[in-house]
Amino acid sequence: MGSFIKKDLLIIWRDRKELITVLLLPIILVIVLNFAFSGLLGNNEESELDLHLAIVNQDNHADLQAQLKDKLLDNESVGKEEVAVLVEQASQLNPASMLLHYLDSDDLKSLVTIQELEEADAISKAEDGEVDGILIIPEGFSADSLYAAFVGQSPTTSLELKIEKETTNNRILFDIIQGFTDQLNYQFALQELDASQVEVVTPEGGIEKVGAGDSFTLTQYFTIAMGALFALFLASTVATKAGVEIRERVFYRIQLSNSNPILYLIGKMVSTFILTWLQMMFLFVFAHFVLDAFPDRSFSFWLGLIGIVTLLAIAIASLAAMFTSISLRVTSIDTANGIFMLFILLFGIIGGNFVPIYILPDWLIKIGEWTPNGLSLVMLTNWIQFEELSNIFTSILILIGFFLLFLIISLALYPKRGKA
């Protein structure tokens, strides 16, 4: 099998124009796009978010302990002595105050400007475009939240975020508020509702605390998008070399030899894997050292990045095998090239490689995640922001599924002796 792998690598190596295109064009595009779109997604300090949130606080803090005590006394499963303990502990906990403190923290002050207003004034400002959203803290929110945490029930009172129309800004506001409630619920859950251990840690402000992870820049986006896109082109490039080999009778000589013809297909896969892996890692290393795309990253981050690139390279290798089988089946190499280009254009558009994925409709984004390049884009984005394996575990399984699917199709289409 080594001779087949060597053959395919030498074919690419001898085509210097193709090799230079594969290695340098992604880098050139990342540089050009980075400068063309500089100032977006945090690439420029002057482009920092300036969100405005109106807060309508209808919760009566003074009656918190009385409201909570009434609720607990109505619950027969809670003893009077336990009620007294819980009410006393509740004096140190006020979800509404914690939320206001969270939004007014130093890290969020630079992103969100809050104004406490009456509901009518808040609505007026929202209609005039002076605020991005209205957060309503309903009456009894704090007491109901604490009661639900203490007795292990779902709260009946929720925060309300009202918006004039859906925009990127109010989506971010929603994520910030959702991040607070998730953390608060998590802290309550950690205490296992043990009255003797209730000690809730107030969530701290900052993007990393509200579901957005580390900052994500357009330089990083263009790097992973171009890497995934040119990985698709590599699959097509390796497969089209089969047409050259057919014209030069290489494939037929393999069929007439004692070599197992399936080794020819395996050679295409392995060579595609090697080229894809090297091309993507070269692009990431260049972006890191020249464009400072991944500053201050840990060793574990790079291990995860290498793992994701390896999985994508495996999936692209099976895609190249499928393309190769198609090349051996069609009568015209030009027809095969047209089919491959159609695949690449379709995958590239819906997978977010030609245009930033966030400008696409939600339904198209969901479809795009069911392409190898779109899925790898999601995986790399999550890894760059969170560095948590649990966030990408399902995507890993799906990417392995793509590998198996393309491999099965390629074996089914692969011609038997005398049929190419």
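Here the sequence shown stands for residues 330 to 749, numbered as in the numbering used here. Just so it is clear, CB atoms sit at the ideal spot from N, CA and C, and this is done for glycine as well. Small disclaimer: the values here were computed from a predicted structure and weren't measured.
Comparing alpha carbon positions, the residue from I341, T566 and L620 closest to G667 is T566. In the three-state reduction of the DSSP assignment, A383 falls in the strand class. Within the same chain, and ignoring the five residues on either side of L353 in sequence, no residue has its Cβ closer than 7 Å to its Cβ.
Pairwise C-beta distances place the region 605-616 out of contact with the region 674-693, as fewer than three of them are shorter than 8 Å. Three or more Cβ pairs closer than 8 Å define a contact, and the region 392-399 falls short of that threshold against the region 446-463. Note that the region 718-737 touches the region 642-657; at least 3 beta-carbon pairs, one per stretch, sit closer than 8 Å.
One Cα belongs to P744, the other to E698, and the distance between them is close to 31 Å. Your pair A568 and S656 checks out as a contact, with CB atoms roughly 5 Å apart and the cut at 8 Å. Of the candidates Q444, D344 and L428, Q444 places its Cα closest to the Cα of L380. Inclusion of F615 and I349 in the CB contact set at 8 Å is not warranted, their separation being larger than that value. Going by C-alpha positions, K398 is about 7 Å away from V412. In the three-state reduction of the DSSP assignment, V599 falls in the helix class, which pools H, G and I. The Cβ atoms of F551 and V707 lie no closer than 8 Å to each other. Q394 carries a helical assignment under DSSP once its states are collapsed to helix, strand and coil. In its chain, beyond the 5 residues on either side, K570 have a beta carbon closer than 7 Å to the beta carbon of I340. 8 Å or more divides the Cβ of L632 from the Cβ of F613. Per DSSP, E448 is one residue of the alpha helix (DSSP H) stretching across E448 to E456. In terms of CA proximity to G469, L488 leads the group V460, L488, M555 and I463.
Taking K454 as reference, the option from Q418, K491 and T485 with the minimal CA-CA separation is K491. Bridge partners of L634 according to DSSP: none are assigned. The beta-carbon separation of A557 and N702, rounded to 4 Å, stays under the 8 Å limit for a contact. Judged by their CB atoms, V385 and I466 are nearer to each other than the 8 Å cut-off. The alpha carbon of S332 has as its nearest neighbour, out of T548, L594, P424 and S471, the alpha carbon of L594. The C-alpha of I688 lies about 12 Å from the C-alpha of N682. Annotated three-state conformation of I492 is coil, per DSSP. Spatial neighbours of F669 in its own chain (CB-CB distance under 6 Å, excluding positions within 5 residues in sequence) are listed in chain order as S565 and F652.
Membership of E445 in the beta strand (DSSP E) is indicated by the continuous run V441 to E445.
Only residues of its own chain outside the window of five on either side were considered, and among them I635 and V638 have a CB closer than 8 Å to the CB of M610, listed in chain order. Taken atom to atom, the span from the alpha-carbon of T546 to that of F618 is near 16 Å.
In summary, I729 is exposed, with fewer than 16 beta-carbon neighbours lying within 10 Å of its beta-carbon over all protein chains present. The secondary-structure analysis by DSSP pairs I463 across a beta bridge with A383 and K491. For S426 and P624, the gap between their C-alpha atoms comes out near 36 Å.
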